[in-house]
Every structure is written in C-alpha cells, then in structure tokens.
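These notes concern the structure reproduced below.
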Amino acid sequence: MKPRVLITAANRGLGLEFARAYAADGWAVVGTSRDTADTADLRAAGDDVTVLPFDARDDESIESLVRTVGNIPLDVVIANAGVGDSTRNASEVTREMWTEIIGINTWAPFRLAVALRPNLERGTHKKLVGISSLAASMGSGYNVPGGYIYRASKTALNQLYHTLSVEWRPLSIVCLVMRPGRARTKLTGFRGDISAEESATGMKQAIMNATLDQTGSFIGYDGQQVAW
Amino acid sequence: MSTVLISGANRGIGLEFARQYAADGWSVIGTARDPAAATELTRLGTQVTVYPLEVTDPASIAALAGSLAGVPIDVLIANAGVPGVFTPAEDIRRADFIEVMAVNSFAPLALATALRPNLEAGTLKIAAAVSSLMGSIGANDWGTQYVYRASKSALNVMWGSLALEWKPLGITCILLRPGMVKTRMTNFTGIEPEESVTGTRRALASLSFADSGGIVGYDGKSIPW
Chain A
838 MKPRVLITAA
848 NRGLGLEFAR
858 AYAADGWAVV
868 GTSRDTADTA
878 DLRAAGDDVT
888 VLPFDARDDE
898 SIESLVRTVG
908 NIPLDVVIAN
918 AGVGDSTRNA
928 SEVTREMWTE
938 IIGINTWAPF
948 RLAVALRPNL
958 ERGTHKKLVG
968 ISSLAASMGS
978 GYNVPGGYIY
988 RASKTALNQL
998 YHTLSVEWRP
1008 LSIVCLVMRP
1018 GRARTKLTGF
1028 RGDISAEESA
1038 TGMKQAIMNA
1048 TLDQTGSFIG
1058 YDGQQVAW
Chain B
6 MSTVLISGAN
16 RGIGLEFARQ
26 YAADGWSVIG
36 TARDPAAATE
46 LTRLGTQVTV
56 YPLEVTDPAS
66 IAALAGSLAG
76 VPIDVLIANA
86 GVPGVFTPAE
96 DIRRADFIEV
106 MAVNSFAPLA
116 LATALRPNLE
126 AGTLKIAAAV
136 SSLMGSIGAN
146 DWGTQYVYRA
156 SKSALNVMWG
166 SLALEWKPLG
176 ITCILLRPGM
186 VKTRMTNFTG
196 IEPEESVTGT
206 RRALASLSFA
216 DSGGIVGYDG
226 KSIPW
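As you go down the protein sequences, you meet chains A and B in turn.
In the working numbering, each residue carries its 1-based index in the first sequence increased by 837.
In the working numbering, each residue carries its 1-based index in the second sequence increased by 5.
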C-alpha cells in the first residue's frame, strides 16, 4: 500500500508544494483547504489527491476533518495552515488578534495532531510535522522587530509539539517542528529568499531523514537544527 | 524611594514580593482582582497601595494605567498567572488553552505596554515577567502540562521582542524563574516563597541592561530556552 500524507492548507504556498512533492514520489495526498472553491491547483497536484475542507479557526471543522479521515493510516501529518501578524510594536497587540492567531497557529495544529494520533499510529512512517518559523527561535539571535503574536504562536507550537514528542516516544511517533525559511508565499507577501518549492522539497527531505532519535527537534528546510 | 508594581500581589509569590519590597522601604503598588479580599496585602503597611486589576481585560488595564498616570515605576513584576489544566492532551479544549494563553502570555505584554510611560519615568526601568522552567523547550524531557508550558514559552519569546523594541528607551526586559514554590498553583509543593523571592530579588538587583531579553533564576542558574 502506498504511503499517505495529510497536509493542511494544501491549496497554495508551502502546502501545495508539499502536495506536489509527495504526489511526485507516488504518495497518496489528503490536502485540506479552507476555501473549497480554490483547489484547482491542489487537485492537479497528482493522481491520488483527496481534497477536504478544513478551517483552523473552527473546532467543529477540525473534528469534522478527523471524522472524515476516519481510521485510515496516515504516514505523515503536516500541520501547515497558519497566518501572519502585522503588529510592528507591542502596543498594537489586541486581545482579539491574539485569540484569532493563537487559535489558528497554535491551538488548531495541536488539537489536530492529538485527534489524528490513532491514524499516525496506524501509519508506517509515523511522522507529525508542525510548520514553525525562525521567528519562534529565542536562541538564534533572531532580531526582526514586531510580529509579537506570530512569534508567540509559533514558539508555543514548538513547545506543544516538543511535549507531544516526549509523551509519544513510546508510540514511535516522530514529532518535528520545521523552519521553512523565508519562502515566497502569501504569508511573506511573496518576498523571500527561496521559492515555496525549494522550501517544501527541502523540508520533505528533512522529514524523510528524521529518525526517532530526532523526535522533538526543530529542523530547517536546509536540514540544519534550529536553536529553541 | 523606589517603586515596584506587582500584579497578582494578593497571594503566593506576588504577596511575598510585596512583603519583601515593603520591608526594604520601597513603595509597593499591588494589584488584585478583588482588592477588598486582599487583606494580607493591605496589612503590609502604609507604603502599599492596592489597585483592582483583571489582567485579561484591556479596559481594566487601561483603568489602572489611568489611575497611575504620572507615577514613576522602577520595577514592574508581571506576576499574575494561572496553572491551566493538568489533563492528558486528548482532554484539553480550546477554551482551556485560550484562557491560559490570555492570562499568562497576552496579559503581561498588555500590562507592560500600558505602563510603559511609568517605566520610562522610573529610575531603574525594569520590566520583569514571571516565567518558569516549564517554559523551557530545551529542558523539557518529561512532558506534561501542555497549556502552561506553551503559555510560558510564548511569554518568553514576546519578552525577547519587547527587549528589542524597548532597547532605545533603556528599559531592561527580563524574565524571572522563581523555581518550584509552595503556592496554590503548585498545590503547596516546593521551596518557601521567601527563599524564592529573596533569590529572585537578588537576581533583579544585580541586573544590567545587557541582560535584557534574558531569563534569570532565583538560584542564579541559567536554563536553556
């Protein structure tokens, strides 16, 4: 049986490039999209692509996705859906923006991972991947000002996936958070150093290479470890 | 005379901070959700003033900042926090998560931002927030307490951003690691609040501006991010 990957927000950007890269390797792809009218590129990504609706803001949508997936094995789950944050300074951070972005970037990937654990256990590769960011790193000397909520959301995601890695090690599930690099996607306003394809194919390689010894780590699209 | 503002000063570590700073002759501004019930804080003496503050309510923060307009604050200690649920990952719900992230991560940033003019008017210019070993990802090899951990990791990275933003203002932004202390949050296990706060105040007293963006422990030891 061919391996299967589930990718959230696979209709564009990094998610779409992940879908294309896995499909090109002969994998079955389950790709989600918030806007089911905007999935032509995803549907064309390969010959075994299933498109499902998923809105990270909505708990019922998360649970609905989990029910639809049912008990099929998932080899790799990539929680890719995320939003940026335009705050330039601390005084621009509002409670409403905070709740919205933390819900999408942190809560949803956590809840989805936990709810899909039985599917990962049935898979062969058993890899859970969260898409993080260098902005989540405190130890790498990252010094771009602003983006408070985005940074917080991704650092919290790192902590949650790392905690999952500790608790899921006996299940042989490899949990990773990835630094995609500054890829040209909607989130970066298409200003980046690398293409979305280069970022996704680099991350896919790093995911393939990761063993249980690397569970709980923060890895870049270039395969390098990132400081917490 | 120096002034310290401590959120959540009605019990636990916050109350002990208030007690020690007051005993040292500082002017202490303590906040509590319900000042009328903060009898231990009020009893500390005349140099202690108590203000109501619900840390997750922007209107409450704005009201506090309004009451304190023009008052220099040397040290802010954003201490108020909640432990969150201890349930297995499967049983955590969005509301549990969002609430703890609001109290432990969003609120300290909102409080510091609202009191920035007071800190700028102070002499010591220290914005401190109470973090935890549980916020460390690198030291986390035992799992548990997902929500609390995530909230403190988020606080850590935002305090780093704040240090960057406030560098031109000369404000030192520092994270505090008080240790495992006998408080309501820990079900009264760990070291005495007095030991924790004595050590943490010592760390605060020896801070330099170059420490901004870092984390200091009550025991003088450093921990990984």
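Glycine included, C-beta positions come from ideal geometry on N, C-alpha and C.
query                                                                                                                                                                : result
Just to confirm the assignment, what range does the alpha helix (DSSP H) spanning B/A100 have?                                                                       : 99-106
Going by other Cβ atoms of all chains shown within 10 Å of its Cβ, with 16 needed for buried, is A/D892 buried or exposed?                                           : buried
Between A/L1008 and A/R954, is the Cβ-Cβ spacing less than 9 Å?                                                                                                      : yes
Could you round the C-beta distance between A/K963 and A/V1011 to whole angstroms and report it? I think they count as a contact, below 8 Å.                         : 6 Å
Quick check on the DSSP output: what are the complete alpha helix (DSSP H) runs of length 4 or more inside the stretch 866-950 of chain A, in order along the chain? : 877-880, 896-906, 932-939
Going by beta carbon distance, what residues of the same chain come within less than 7 Å of B/D5, once the five residues before and after it are set aside?          : Residue 5 of chain B lies beyond the residue range present for chain B, which begins at 6 and ends at 230; the question has no answer from this structure.
Could you confirm whether any beta carbon from chain A is found closer than 9 Å to the beta carbon of B/M185?                                                        : no
Would you please verify whether the beta carbon of A/P982 is less than 9 Å from any beta carbon of chain B?                                                          : yes
Measure the Cβ-Cβ separation of B/A28 and B/A37 and say whether it is below 9 Å.                                                                                     : no
In terms of residue numbering, what span does the alpha helix (DSSP H) encompassing B/G157 cover?                                                                    : The question names Gly, but residue 157 of chain B in the sequence shown is Lys. Segment 151-171, the alpha helix (DSSP H) holding B/K157.
Consider the Cβ of A/V930: report whether some Cβ of chain B lies at a distance smaller than 9 Å.                                                                    : yes
With 9 Å set as the bound, which would you pick, yes or no: does the beta-carbon of A/N848 sit closer than that to a beta-carbon of chain B?                         : no
By DSSP, does A/V981 sit in helix, in strand, or in coil?                                                                                                            : coil
Quick one, are the C-beta atoms of B/V80 and B/T8 less than 9 Å apart?                                                                                               : yes
B/L138: which of B/P229, B/W31, B/G13 sits nearest, CA to CA?                                                                                                        : B/P229
Is B/P88 near B/Q150, with beta carbons less than 9 Å apart?                                                                                                         : yes
Pull the bridge partners of B/V33 from the DSSP assignment, please.                                                                                                  : B/V9, B/V53
With a Cβ-Cβ cutoff of 9 Å, do A/P982 and A/N942 count as a contact?                                                                                                 : no
Here's the rule: buried if 16 or more other CB atoms are within 10 angstroms of the residue's CB, otherwise exposed. What is A/M975?                                 : buried
Report back the beta-carbon spacing between A/Y1058 and A/P1017 to the nearest angstrom; my notes put them in contact at under 8 Å.                                  : 6 Å
Which residues, in order along the stretch 859-878 of chain A, keep a beta-carbon less than 8 Å from a beta-carbon of chain B?                                       : none
With A/L851 and A/V867 assumed to form a contact (beta carbons below 8 Å), what rounded beta-carbon distance in angstroms separates them?                            : That belief does not hold up - the Cβ atoms of A/L851 and A/V867 are roughly 16 Å apart, past 8 Å.
Within the continuous alpha helix (DSSP H) that includes A/M1072, where are the two ends?                                                                            : Nothing can be reported for residue 1072 of chain A: it is not among the residues displayed for chain A, which extend from 838 to 1065.
Does any residue of chain B bring its CB to less than 9 Å from the CB of A/G940?                                                                                     : yes
Short of 7 Å in beta carbon distance, which residues of its chain neighbour A/L853, apart from the five on each side in sequence? Order them along the chain.        : A847, D878, L879, A882
Should A/W1005 go down as buried or exposed, given a rule of 16 or more other Cβ atoms within 10 Å for buried?                                                       : buried
A/L997 versus chain B: which residues are under 8 Å apart at the beta carbon?                                                                                        : Y151, R154, A155
Grouping DSSP H, G and I as helix and E and B as strand, with all else coil, what is B/R48?                                                                          : coil
Spell out whether any CB of chain B is found under 9 Å from the CB atom of A/F947.                                                                                   : yes
According to the Cβ coordinates, are A/V906 and A/N956 closer than 9 Å?                                                                                              : yes
What are the residues that DSSP puts in a beta bridge with A/S1032?                                                                                                  : Its beta-bridge partners do not exist; DSSP assigns none.
For the candidate residues B/G225, B/G222, B/G71, B/G50, whose alpha-carbon lies nearest to that of B/R121?                                                          : B/G71
Apply the 10 Å Cβ neighbour rule to B/K157 and answer buried if 16 or more other Cβ atoms are within range, or exposed otherwise.                                    : buried
Give the straight-line distance between the Cα atoms of A/A952 and A/N917, rounded to the nearest whole angstrom.                                                    : 16 Å
When we look at the beta-carbon of B/T92 and count the other beta-carbons within 10 Å, is it buried (16 or more) or exposed?                                         : exposed
Could you give the DSSP three-state label for B/R38: helix, strand or coil?                                                                                          : coil
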